[in-house]
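In my numbering, the protein residues as written are 144 to 214.
Glycine is no exception: its CB is placed at the ideal position from the N, C-alpha and C atoms.
Here the structure is laid out as structure tokens; the discussion comes afterwards.
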Amino acid sequence: MSRSVIVKEPVRLDILARDLLGTERDGMVEALLAANPGMADDAYATEGATVIVPDVERPAARLVKTVDPWE
């Protein structure tokens with residue numbers, strides 16, 4: 144079930160996606176824009192705007208194998 148929030152101050156769309164959906168990567172900005180037609184007209188969400196937060200399945204965290212140079 145999606146929810147809606149009211150923007151308290153102007154905020155960039157990628158930052159809004161990160162704050163509301165946990166990340167601005169993996170299609171989250173696009174999902175936010177798809178749920179809010181017309182939002183892509185500007186790079187910022189304006190103060191007082193009502194934003195629909197879509198229910199999206201977040202991708203699983205990727206594990207990155209690291210190398211320990213001292214081993």
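Where ALA192 sits in the DSSP three-state scheme:
In the sequence shown, counting from the first residue as 1, residue 192 sits at position 49. ALA192 falls in the coil class under three-state DSSP.
Take the Cβ of VAL154 as the centre, count every other Cβ of all protein chains shown within 10 Å, and call the residue buried at 16 or more, exposed below.
Against the sequence shown, residue 154 aligns to sequence position 11. Buried is the call here.
Under 6 angstroms: does the beta carbon of ILE195 sit that close to some heavy atom of the ligand SAH?
The ligand SAH is absent from the structure shown, which contains no ligands of any kind.
Strand pairing of SER147, partner residues [DSSP]:
Your numbering for residue 147 matches position 4 in the sequence shown. Answer is ILE195, bridged to SER147.
Could you tell me which residues DSSP puts in a beta bridge with ARG161?
Position 18 of the sequence shown, counting from 1, holds the residue named residue 161. None, per the DSSP bridge assignment.
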